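In the working numbering, the protein residues as written are 668 to 1043.
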């Protein structure tokens, strides 16, 4: 239930108790099993409470509704703890009382559509011992990856039509797994109707995941990619030709604009693919899902297709680029239709999609209290 739309009495100064109550209510919606979590005014909203930038935007809306304070979105979303958010609220309260406006911070906020919960994983500095056979397979796999990668880059970039580029990329990705002797199994193609727009969400376990979705889904899809990739010329050219949508992870205004742009593309009939975990780690497990994909689906009124990827982490583990033998299983689940538009609808979509992916990804659920057994 959203906070009641009742502004504070005239002259009332917002306090930390009221703000913590609003935060607890939102945390209870985003992570129901955390409803009774104990946290302090200095608890990190994202790293410890799992409120990503879109959730913090919803929090700002509720603060404005309940406390009667109009917040600058950029500054408010950048607040990382309840105390810091309260300071932003008090600053705006004082500015309004003085008849002045607060100047927004020019620096960007945390990501809206992508990114990690908590700090990025530190690379594993410990040396592992590999057998001669493993080294031979790794060298062979990398030679195949480079050869197929270069050929695919050339033909995709030079192909004149989007349909050709998609088919060539799909063929190149399938060839990569075939040539590296990686069994590749896909089930659930019947859930994808040609010429129908979807929001596709998949678990993120490896650098291979983009290749896996490209090989598994023989339909036009547009991936969401971090804007930093545009700094690499060869990657930018390939991704642009392949129809990738870039998002700015570090600027809240641009991030909100990116969300609107991607929603419009989805409404226009494009299928958009998200990795809602936003990052991956060496250790196995399904991480919390960010809300960007599900807000997009609810706003665009198009179904979410959960896709569970199993086996990718065993082949390429986190920041370890040493390839191992393994097999890939991709399970495409039935579409989940939004029941309307709004925050609760997006939450329902997220929960339903995450349940499906957790059931088939073959890894433990890292969100405590939401353990879901693997399928038979």
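We treat Cβ as the ideally placed atom computed from N, Cα and C, and that holds for glycine. Just so we're clear, the structure is a prediction, and the values are computed from it rather than from any experiment.
query, result
"What ranges does the beta strand (DSSP E) occupy inside the stretch 858-916, keeping only unbroken runs of at least 3 residues that lie completely in it?", "866-869, 889-893 and 912-914"
"Since residue 1019 is in the beta strand (DSSP E), which residue starts that stretch and which ends it?", "First-last for residue 1019: 1010-1027, but that is the alpha helix (DSSP H), not the beta strand (DSSP E)."
"Find out if the Cβ-Cβ distance for the pair residue 970, residue 990 is shorter than 7 Å.", "no"
"Under the rule that 16 or more other beta-carbon atoms within 10 Å means buried, what is residue 848, buried or exposed?", "exposed"
"Please determine, among 975, 747 and 874, the residue with the shortest C-alpha to C-alpha distance to residue 1022.", "975"
"For a minimum of 4 consecutive residues, which ranges assigned as the alpha helix (DSSP H) are wholly contained in the stretch 716-760?", "720-734 and 740-745"
"Is DSSP giving residue 842 helix, strand or coil here?", "helix"
"Can you give me the start and stop residues for the alpha helix (DSSP H) that residue 821 sits inside?", "799-825"
"Which two residues bound the contiguous alpha helix (DSSP H) that contains residue 685?", "683-697"
"Which word fits residue 997, buried or exposed, when buried means at least 16 other C-beta atoms lie within 10 angstroms of its C-beta?", "buried"
"For residue 859, I'd like the list of residues in its chain whose CB is within less than 8 Å of its CB, leaving aside the five on either flank, ordered along the chain.", "865, 884, 886, 972 and 999"
"Please report the residue range of the beta strand (DSSP E) in which residue 974 lies.", "971-977"
"Going by DSSP, what residue range makes up the alpha helix (DSSP H) through residue 997?", "That residue, residue 997, is in no alpha helix (DSSP H); its beta strand (DSSP E) goes 995-999."
"Determine the burial state of residue 799: buried for a count of at least 16 other Cβ atoms within 10 Å of its Cβ, exposed for fewer.", "exposed"
"Relative to the ligand ZN, is the shortest distance from any of its heavy atoms to the C-beta of residue 962 smaller than 6 Å?", "By its list of ligands, the structure shown contains no ligand whatsoever, and the ligand ZN lies outside what it can speak to."
"Short of 7 Å in beta carbon distance, which residues of its chain neighbour residue 905, apart from the five on each side in sequence? Order them along the chain.", "820, 823 and 824"
"Do you know whose CA, among 708, 941 and 755, lies nearest residue 958's CA?", "941"
"Using the Cβ count rule (16 or more neighbours within 10 Å means buried), how would you classify residue 828?", "exposed"
"Whole angstroms is fine: what's the gap from residue 752's alpha carbon to residue 698's?", "20 Å"
"Please list the terminal residues of the continuous alpha helix (DSSP H) segment that includes residue 966.", "959-967"
"Just the C-alpha distance for residue 913 and residue 963, rounded to the nearest angstrom, thanks.", "15 Å"
"Just tell me which of 688, 903 and 759 has its CA closest to the CA of residue 742.", "759"
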